[in-house]
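S.K.:
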Amino acid sequence: MDNTNYSFSEAFAREMDEKDPLKSFRSRFYFPKVGGREAIYFCGNSLGLQPKTTKEYIQKELDNWAEMAVDGHFHGEDAWYHVRKKSKPALAEIVGAHEHEVVAMNNLSSNLHFLMVSFYQPSKDRFKIITEAGAFPSDMYMLETQVKFHFLDPKDAIIELEPREGEYTLRTEDILKVISDHKDQLALVMMSGLQYYTGQVFDMEAITAAGHAAGAKVGFDLAHAAGNIPLHLHEWGVDFATWCSYKYMNSGPGNISGIFVHERHAESPDLPRFAGWWGHDEGERFKMEKGFKPMFGADGWQLANSNVLALAAHQASLDIFQEAGMGQLRAKSELLTGYLEFLIGQINRDRAVIEIITPKNKNERGCQLSLLVKKGGKAVFDELYQNAIVGDWRHPNVIRIAPTPLYNSYLDVFRFAKILEQSLHKLA
Ligand SMILES: *Cc1c(COP(=O)(O)O)cnc(C)c1O
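If you read the sequence shown in the numbering used here, its first letter stands for residue 1238, the second for the next number, and so on.
1. Is it a yes or a no for the stretch 1529-1542 touching the stretch 1601-1609, going by three-plus beta-carbon pairs under 8 Å?
2. How is PRO1391 classed by DSSP in three states: helix, strand or coil?
3. Short of 6 Å in beta carbon distance, which residues of its chain neighbour SER1543, apart from the five on each side in sequence? Order them along the chain.
4. Can you give, in chain order, each stretch of the beta strand (DSSP E) that sits fully within the stretch 1283-1350 and has at least 3 residues?
5. Taking 7 Å as the cut-off, is the C-beta of PHE1351 nearer than that to any heavy atom in ligand 1?
6. The beta strand (DSSP E) that contains GLU1369, what's its start and end?
7. Just checking my contact of ALA1512 with PHE1529 at CB under 8 Å: how many whole Å lie between their CB atoms?
8. Hey, is the stretch 1642-1662 in contact with the stretch 1574-1590, meaning 3+ C-beta pairs nearer than 8 Å?
9. Any heavy atom of ligand 1 closer than 7 Å to the Cβ of SER1554?
10. State the DSSP-derived secondary structure class of VAL1498, mapped to helix, strand or coil.
11. Could you check whether the Cβ of ASP1629 sits closer than 7 Å to any heavy atom belonging to ligand 1?
12. Applying the 10 Å Cβ sphere with the 16-neighbour rule, what's the burial state of PRO1360?
13. Let me know the secondary structure DSSP gives PHE1477 once reduced to three states.
14. Within this structure, are the beta carbons of GLN1422 and PHE1364 separated by less than 8 Å?
15. Thinking just about the alpha-carbon of each residue, which of LEU1648, SER1660, LEU1664 and ILE1581 is nearest to the one in ALA1248?
16. Is the separation between the beta-carbon of GLU1298 and that of LEU1555 shorter than 8 Å?
17. Quick one: residues in its chain with C-beta nearer than 8 Å to the C-beta of VAL1475, no 5 flanking neighbours on either side, listed in chain order?
18. Assuming LEU1566 and ILE1493 form a contact by the criterion Cβ under 8 Å, report the distance between their Cβ atoms to the nearest whole angstrom.
19. Among the candidates LYS1611, VAL1590 and GLY1582, whose CA atom is the shortest distance from the CA of LYS1597?
20. Taking only heavy atoms of ligand 1 into account, decide whether any of them is closer than 7 Å to the Cβ of TYR1357.
21. Tell me whether the beta-carbon of ALA1625 lies closer than 8 Å to the beta-carbon of ILE1277.
22. For LYS1270, which of helix, strand or coil comes out of DSSP?
23. Name the DSSP beta bridge partners of ARG1401, please?
24. One question on the structure: do GLY1309 and TRP1302 come within less than 8 Å of each other, judged by their Cβ atoms?
25. Among GLY1489, TYR1644 and PRO1374, which has the Cα closest to the Cα of ALA1561?
26. At what residues does the beta strand (DSSP E) containing ILE1594 begin and finish?
27. Please list the terminal residues of the continuous beta strand (DSSP E) segment that includes GLY1457.
28. Helix, strand or coil for ALA1424? Go by DSSP, reduced to three states.
29. Using 7 Å as the cut-off, classify the Cβ of SER1375 as near or not near the heavy atoms of ligand 1, replying yes or no.
30. Buried or exposed for GLN1539, please, with buried defined as at least 16 other CB atoms from any protein chain shown within 10 angstroms of its CB.
31. Taking 7 Å as the cut-off, does the CB of ALA1460 come closer than this to any heavy atom belonging to ligand 1?
32. For GLY1285, count neighbouring Cβ atoms within 10 angstroms of its own Cβ and tell me buried if that reaches 16, exposed if not.
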């Protein structure tokens, strides 16, 4: 199926849904209501929907706590002491890693700081960080304050990659050139894998190779990538990465993050880190002795004992991902977002009002399209919301629409397009 076969008709959308091998997954999620109507939900890039099984998973741990209290730490197959192990197979598959390279812990912003403690070690000569301009605010603050923590000036130490004049997204060749231009002073390349505002996917493999060739470490914030696009962190040789689980990974508001640390750093007791007892050698943890001995792999970056209720909600979602499979999810995602792109193209033939700033190339995007609305964008967005469409508004003029392959349908996309068309007419 390629884009040329798409059709702007409800019958076509229904036929695509009928043929969709993942169609049954939609009914496993709760959809919110807006103004009394079930929403057409395209905001999984901000907060994924709740799986109907989440309650049971949490309830089971509440029962364990009620029945066993402290004995729950070591009792039976689901002993909390080992709870971190459960999510590893799914996480490893989602980010393309070995199980010992991933672990669920903390929140994204905390993790990125802890990982930079290990992987941003500026020296007098090598202290620069390359990142994308317009990064997510938390990432900007993290880089700024990490640099200041080392008594450096962000103006000297942080290099922001800017799109070319008149363009919205970055060209890989330009990114690679900036990396190589700074090769004598570069300590770290730290950027998002999928840019939250434009929806652009960066060529993480090429960036990692270029960063390493320049003598730097390379890390990615995968908040918008994890559970959305195929990732091969191990194969790409990425040093470290972190993500959150509440966007595409449907694990609940503010829920637990995950980290990746490449196996080449699995046994690096000399890497600086801010340690806690949960990263200490498991066999000796309760000896309560001095002298930190990190666990092998990503586990050695854990600080605190695991949040069991958070992990239960996380697991409810991961089990669904395992069942659906990233391969099938991606195949549908390309078609579904392709359909959204096609319909917007039909409505907006002369691109007079809407410009899609997300790359056209499927390999350079995930499920989200960012629509730059040239005039009256906020009014269009409000009109969509009045019609129970949940997308999101990014100042000053972008509407982000993210149809997810797990719970969105072709009919959702079709209905959205009809309402968008009406809204543009009404507001013209
Ligand atoms: C969503 C998002 C965050 C959020 O960080 P939290 O620590 O989970 O609050 C950070 N960075 C990026 C790029 C994001 O998209």
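C-beta: ideal position from N, C-alpha, C; glycine also.
M.R.: Let's see:
1. No, the stretch 1529-1542 is not in contact with the stretch 1601-1609.
2. The answer is helix: DSSP assigns PRO1391 an H, G or I state.
3. Counting only Cβ-Cβ distances below 6 Å, and skipping sequence neighbours, we find VAL1320 and ARG1321.
4. Considered as a whole, the stretch 1283-1350 harbours 1339-1342 as its complete beta strand (DSSP E) runs of no fewer than 3 residues, in chain order.
5. False, no ligand heavy atom lies under 7 Å from that Cβ.
6. Per DSSP, GLU1369 belongs to the beta strand (DSSP E) from 1365-1369.
7. About 5 Å separates the beta carbon of ALA1512 from that of PHE1529, a gap short enough to meet the 8 Å contact definition.
8. Between the stretch 1642-1662 and the stretch 1574-1590, the count of Cβ pairs shorter than 8 Å is three or higher; the stretches touch.
9. Result no, Cβ not under 7 Å from ligand 1.
10. Taken through DSSP and simplified to helix, strand or coil, VAL1498 comes out as strand.
11. No, since every heavy atom of ligand 1 falls outside the 7 Å radius drawn around the Cβ of ASP1629.
12. The amino acid at residue 1360 is misidentified as Pro; the sequence shows Ser. Counting Cβ neighbours within 10 Å, SER1360 comes out exposed, since fewer than 16 surround it.
13. The answer is strand: DSSP assigns PHE1477 an E or B state.
14. With respect to PHE1364, GLN1422 sits close: the two C-beta atoms are nearer than 8 Å.
15. Residue nearest to ALA1248 within the set LEU1648, SER1660, LEU1664 and ILE1581 is LEU1648 (criterion: CA-CA distance).
16. Their beta carbons are not under 8 Å apart, which means GLU1298 does not touch LEU1555 by this criterion.
17. Once the five neighbours on either side are set aside, the close Cβ partners of VAL1475 are MET1441, THR1445, VAL1455, GLY1456, PHE1457, PHE1497 and HIS1499.
18. With 8 Å as the limit, LEU1566 and ILE1493 do not qualify as a contact, their Cβ atoms being about 21 Å apart.
19. Relative to the Cα of LYS1597, the nearest Cα in the group LYS1611, VAL1590 and GLY1582 belongs to GLY1582.
20. Checking the Cβ of TYR1357 against ligand 1 gives no.
21. Yes, Cβ-Cβ distance for ALA1625 and ILE1277 is below 8 Å.
22. Looking at LYS1270 - three-state DSSP - the assignment turns out to be strand.
23. Beta-bridge pairing links ARG1401 to no other residue.
24. In this structure, TRP1302 lies closer than 8 Å to GLY1309 by Cβ.
25. Ranked by how close their Cα comes to the Cα of ALA1561, the residues GLY1489, TYR1644 and PRO1374 have TYR1644 in first place.
26. Secondary structure note for ILE1594: it is in no beta strand (DSSP E), with a DSSP letter that is neither H nor E.
27. Here the sequence assigns Phe to residue 1457, which means Gly is not the residue at that position. Per DSSP, the continuous beta strand (DSSP E) segment holding PHE1457 begins and ends at 1454-1458.
28. In this structure, ALA1424 counts as strand in the three-state DSSP scheme.
29. The nearest non-hydrogen atom of ligand 1 is less than 7 Å from the C-beta of SER1375.
30. Buried: at least 16 other Cβ atoms inside 10 Å.
31. Under cutoff, so the answer is yes.
32. Burial call: buried.
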